[in-house]
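As structure tokens, the structure follows; a few thoughts come after it.
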Amino acid sequence: MRATADNPRLAAVKGVPTERVIALATLGGGGLAGGAGVFLGLDASIDPLMGGGLIISVFAAAILGGIGSAPGALAGALIVGVMEEVGMLVVPPTYKTAIGFAIILAVLLVRPTGLAGARS
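So the sequence shown is numbered by this note's numbering: it starts at 158 and just counts up by one.
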């Protein structure tokens with residue numbers, strides 16, 4: 158899968174079935190997203206705007222961890238989650254989204270590639 162993502166033509170020359178790899182990756186990602194949607198629907202009521210409050214936190218975690226780095230994104234998510242929860246001891250809970258914005262701003266000013274940096 159990584160060879161196909163890096164250079165599909167070279168992977169095809171080496172004998173990797175690139176179209177099959179792309180199809181399986183898409184199917185796997187869609188299946189995981191669908192399963193997550195089912196579990197979320199069992200836990201909460203479904204409406205068109207659900208998840209909108211999480212988008213800033215998700216972007217903050219991805220930017221903090223570094224785009225293209227899975228371990229960095231995981232570390233970024235952990236750091237953002239802890240900072241948002243601890244930050245609510247200082248600021249009112251209505252400003253929880255502002256903590257995510259502050260993280261994005263700080264990371265983009267100090268280290269634009271994130272903690273782990275981008276995959277080269």
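For each residue, glycine too, the CB sits at the ideal point set by N, CA and C. All values derive from a computational prediction rather than experimental measurement.
The alpha-carbon of Gly-244 is positioned some 12 Å away from that of Ile-236. Listed in chain order, the alpha helix (DSSP H) elements of length 4 or more contained wholly in the stretch 225 to 275 are 227 to 244 and 253 to 267. Proximity of the stretch 171 to 191 to the stretch 214 to 229 falls short of the contact definition, fewer than three beta-carbon pairs being nearer than 8 Å. By the Cβ neighbour-count rule, Ile-220 is buried, with 16 or more other Cβ atoms within 10 Å of its own.
Per DSSP, Gly-209 lies in no alpha helix (DSSP H) and is assigned neither H nor E.
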